[in-house]
Structure formats: C-alpha cells, structure tokens
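Novice: Residue numbers (my numbering): 907 to 1111. So that we are looking at the same thing, I have put the structure below in structure tokens.
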C-alpha cells in the first residue's frame, strides 16, 4: 500500500531539530507505516450520545472530497466549528449544511493544507451527536451514530479498516505556514477571521 500523502506544510522532524528526549520517537517513526485507512471504536455506554468513534488517514489531495462525502452523515441543518491549533474552538450557528459546505469550499486550499488550523461539522441534540473534525495534521476524527453508513462511505473511497494505525501527530514534526509555500494562499489568521465573520454566533444577525 502506498505511503500516506501528507499536507505540503508538514514533514517529520529529524534529530537535529528536536531535543534528545524526542529521538526515540523519531526512531519509532522511521519504523512506522503511514497509509490511508481508519480505526474504529464502538461505544456502548448509553449515556454517550454517539455510538462509535473513528480516526481516518486520508491522502491530502483527496481530503476535501472525502470530507464532503462524510458530511452526508449529518442532517441538512448543522453547524461549523473551527479553531487555531491548540486554541479554543468556535462553534457556529446551526444553518443549512449545503451553505456551510459552499463557504468552506471557497477556503478548500487553506482548510486542507494549513496545519495550523482545524475545522469540522457538528450536529448535537438531546439524544445524538455526530461530528466530523479535521485535526491539524489533516486526519479526520469522527463521532457518529450510524456505523454502517460510515463504513459504506469508507468503502466507496477504498479506505480500509485496520485494528491499529499510525497517525502523524504521534511523532515529532515540522510545520511551516502555508503562505511560505503558496503566495496566493490566505494566512492562518486571515482564514480564521473569515470563518469567524461568517459563522461565529456573536456575528450573526
């Protein structure tokens, strides 16, 4: 199976770039295999509002396509969420999913390649929680209620199941601003400001 295609803004760190205490992780990374695929944990606790949790490695060039298809797991009305890496999450107002995806689609390059920001979609009511969250390393975390639907979507994209997988954020890495590689790209701050202006609750009329 081919190696996972990473965002161009991320690469694995080498020994000279990190403290010695991280060298064991660098050695482990050299033995690890990073591929497309997903791991899944069933949730049986009746007090939880989701029935499974999954993590998905996706080649970066098709992250947006898979994200849009995963959005089918949410109702037609849901909310956008976003944040800077290790920052506070901003939740948007519930609105038409089609509109949210259109707005996010206009920022597709920044959302899929800028590893200094995270984003996703969420639907939460008294009895269910469905969330699709693209983490900073650009793998996807999913909390869902319909495992069969999720696994069907994975099969449609030829993304296999594994009992265990390696994810990029488990190892030392170097992240550079997208604007240093693409002069036409928006900065992390500009992208987050645009999302804030469109989706943030305190900006809604």
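Ideal Cβ positions, reconstructed from N, Cα and C, are used throughout, including at glycine.
In chain order, what are the residue ranges of uninterrupted alpha helix (DSSP H) at least 4 long that sit wholly in the segment 1023–1062?
Specialist: Counting whole runs of 4 or more residues, the segment 1023–1062 contains the alpha helix (DSSP H) stretches 1053–1062.
Novice: Counting pairs of beta carbons, one from the segment 973–984 and one from the segment 1080–1093, are three or more of them closer than 8 Å?
Specialist: Contact fails: fewer than three Cβ-Cβ distances are below 8 Å.
Novice: Residue 1001 bridges to which residues according to DSSP?
Specialist: Paired residues: 984.
Novice: Taking the alpha-carbon positions, what's the residue 973 to residue 1038 distance?
Specialist: Rounded to the nearest angstrom, the two C-alpha atoms are 8 Å apart.
Novice: Is residue 928 helix, strand or coil when you go by DSSP?
Specialist: Correct three-state label for residue 928: helix.
Novice: Suppose you measure from the CA of residue 1105 to the CA of residue 939; what does that come to, to the nearest Å?
Specialist: If you take the alpha carbons of residue 1105 and residue 939, they lie about 38 Å apart.
Novice: Where does residue 1082 sit, in a helix, a strand or coil, going by DSSP?
Specialist: In the structure shown, residue 1082 sits in coil (DSSP, three-state: anything other than H, G, I, E or B).
Novice: Please confirm whether residue 1020 and residue 1091 have their CB atoms less than 9 Å apart.
Specialist: A contact, by the Cβ cut-off of 9 Å.
Novice: Are the CB atoms of residue 1047 and residue 1026 nearer to each other than 9 Å?
Specialist: Result yes, Cβ atoms of residue 1047 and residue 1026 sit closer than 9 Å.
Novice: Does the Cβ of residue 907 have 16 or more other Cβ atoms within 10 Å, making it buried, or fewer, making it exposed?
Specialist: By the neighbour-count rule (16 or more Cβ atoms within 10 Å), residue 907 is not buried but exposed.
Novice: Going along the chain, which residues of its own chain have a beta-carbon closer than 6 Å to the beta-carbon of residue 987, five neighbours each way excluded?
Specialist: Closer than 6 Å at Cβ, skipping near neighbours: 995, 997, 1026, 1028.
Novice: Check this for me: beta carbons of residue 948 and residue 957, under 9 Å apart or not?
Specialist: In contact: residue 948 and residue 957 (Cβ atoms closer than 9 Å).
Novice: Is the beta carbon of residue 1060 sitting closer than 9 Å to the one on residue 918?
Specialist: Not closer than 9 Å, so no.
Novice: Can you grab the Cα-Cα spacing for the pair residue 916 / residue 1078, in whole Å?
Specialist: Computed Cα separation, rounded: 10 Å.
Novice: Could you name the residues of the same chain whose beta carbon sits closer than 7 Å to that of residue 921, not counting the 5 residues immediately before and after it, in chain order?
Specialist: Excluding residues within five positions, the ones whose Cβ falls inside 7 Å are 929, 932.
Novice: Is residue 960 buried or exposed, if buried means 16 or more other CB atoms sit within 10 Å of its CB?
Specialist: Counting Cβ neighbours within 10 Å, residue 960 comes out buried, since at least 16 surround it.
Novice: Excluding the 5 residues preceding and the 5 following residue 1001 in the sequence, name in chain order all residues of the same chain whose CB lies nearer than 7 Å to its CB.
Specialist: So the list reads 983, once near-sequence residues are dropped.
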